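A short write-up of the structure that comes next.
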Amino acid sequence: MDGQAVQKLVLGLPGAEEHEGWAGQPAFKVRKKGFAYLSEDESRLLLKAFREEQQALVAENPEVYSPSWESGRFAWLEVDLAAADEEELGELIIEAWRLTAPKYLIAQLDQAAGRS
39 MDGQAVQKLV
49 LGLPGAEEHE
59 GWAGQPAFKV
69 RKKGFAYLSE
79 DESRLLLKAF
89 REEQQALVAE
99 NPEVYSPSWE
109 SGRFAWLEVD
119 LAAADEEELG
129 ELIIEAWRLT
139 APKYLIAQLD
149 QAAGRS
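The sequence shown begins at 39 in this note's numbering and counts up one residue at a time.
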């Protein structure tokens, strides 16, 4: 998955918006809260995750995933886009959004996907 595919997936999520990050790179937010950040060259993606998930993914596949900073119960996961499995990456992006989005937006996504 490349940066354009990430952007397309993210902006298809309810309430997701693209902003300029601290170094001019694409930053993706929902209700002004960040959940994904592309690197300046769009080769890597930082995603919000639970600490346990970050640790498990890094241990399982260190060529693709590396740890970034941690804050509270969350940790940020750095993903090498060229090496990542597209289906798994899509799931991780949606999970990062779910960790950040308000309940009514999560319900919109679930309803659109036929989940209740």
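Note that the Cβ used here is the ideal one computed from N, Cα and C, for glycine as well.
As the structure is a computational prediction, the values presented were derived from the model and not from experiment.
According to the DSSP secondary-structure assignment, residue 40 is paired through a beta bridge with no residue. Apart from the 5 residues on each side of it in sequence, residue 54 sits with its Cβ closer than 7 Å to the Cβ of 48, 66, 68 and 135 in its chain, given in chain order. Assigned with DSSP and collapsed to three states, residue 148 falls in helix. The three-state secondary structure of residue 53, taken from DSSP, is coil. Rounded to whole angstroms, the gap between the alpha carbons of residue 109 and residue 137 is 13 Å. The bridge partners DSSP lists for residue 104 are 116. Here the alpha carbons of residue 122 and residue 72 stand approximately 21 Å from one another.
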